[in-house]
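Read the structure below first, then the notes.
Residue numbers (our numbering): 1 to 117.
Below, the structure is given as structure tokens:
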């Protein structure tokens with residue numbers, strides 16, 4: 001888990017400027033749906049596509065990590081909890097795989113509903 005945290009911290013600037021193709025193909029975030037399960041949490045769920053099936057994590061920038069456990073991708077689905085205090089703000093999501101490939105960044109407004117990319 002610490003490896004993934006460091007991975008996102010070290011690559012945040014690179015991920016925002018362009019997708020990195022370190023080895024193989026980069027994952028692609030397909031959608032993001034926002035719900036509020038309680039007053040403290042905004043939950044972002046969705047799907048991420050990776051041709052090599054090795055997507056590991058989806059994380060918000062500038063927060064860096066989700067509040068729930070990492071890695072947070074199971075198969076093609078991800079769950080990312082962020083503080084509900086960011087409601088109304090726009091977060092940038094980036095996906096990473098085990099080969100250090102990063103997706104193109106996508107923007108998600110933290111309000112009820114789904115966004116498709």
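Note that beta-carbon positions come from the ideal geometry of N, C-alpha and C, so glycine has one too.
For the beta strand (DSSP E) containing residue i, name the first residue and the last one.
| i | result |
| --- | --- |
| residue 47 | 41-49 |
| residue 35 | 31-38 |
| residue 94 | 90-97 |
| residue 78 | 77-83 |
| residue 66 | Here residue 66 belongs to no beta strand (DSSP E), and DSSP marks it neither H nor E. |
| residue 60 | 55-61 |
| residue 107 | 106-109 |
Run the CB neighbour count on residue i, radius 10 Å, all protein chains shown included, and call it buried at 16 or more, exposed below.
| i | result |
| --- | --- |
| residue 60 | buried |
| residue 69 | exposed |
Less than 8 Å between the CB atoms is what I'm expecting for residue i and residue j, so what's the real figure, rounded?
| i | j | result |
| --- | --- | --- |
| residue 34 | residue 113 | 6 Å |
| residue 86 | residue 110 | 5 Å |
| residue 48 | residue 73 | 6 Å |
| residue 37 | residue 57 | Residue 37 to residue 57, Cβ: 20 Å. No contact. |
Once you ignore the five residues that flank residue i on each side, which residues in its own chain have a CB closer than 8 Å to its CB?
| i | result |
| --- | --- |
| residue 99 | 22, 23, 24, 52, 54 |
| residue 41 | 67, 81, 82, 83, 84 |
Taking 7 Å as the limit between beta carbons, can you name the residues of its chain near residue i, skipping five residues before and five after?
| i | result |
| --- | --- |
| residue 39 | 84 |
Is there at least one Cβ from chain C nearer than 7 Å to residue i's Cβ?
| i | result |
| --- | --- |
| residue 87 | Among the protein chains of the structure shown there is no chain C, as only one such chain exists. |
Beta-carbon separation of residue i and residue j under 7 Å?
| i | j | result |
| --- | --- | --- |
| residue 77 | residue 28 | no |
Just to confirm my understanding: we take residue i, look at its own chain, exclude 5 residues before and 5 after, and list those with CB closer than 6 Å. What are they?
| i | result |
| --- | --- |
| residue 45 | 33, 79 |
| residue 116 | 31 |
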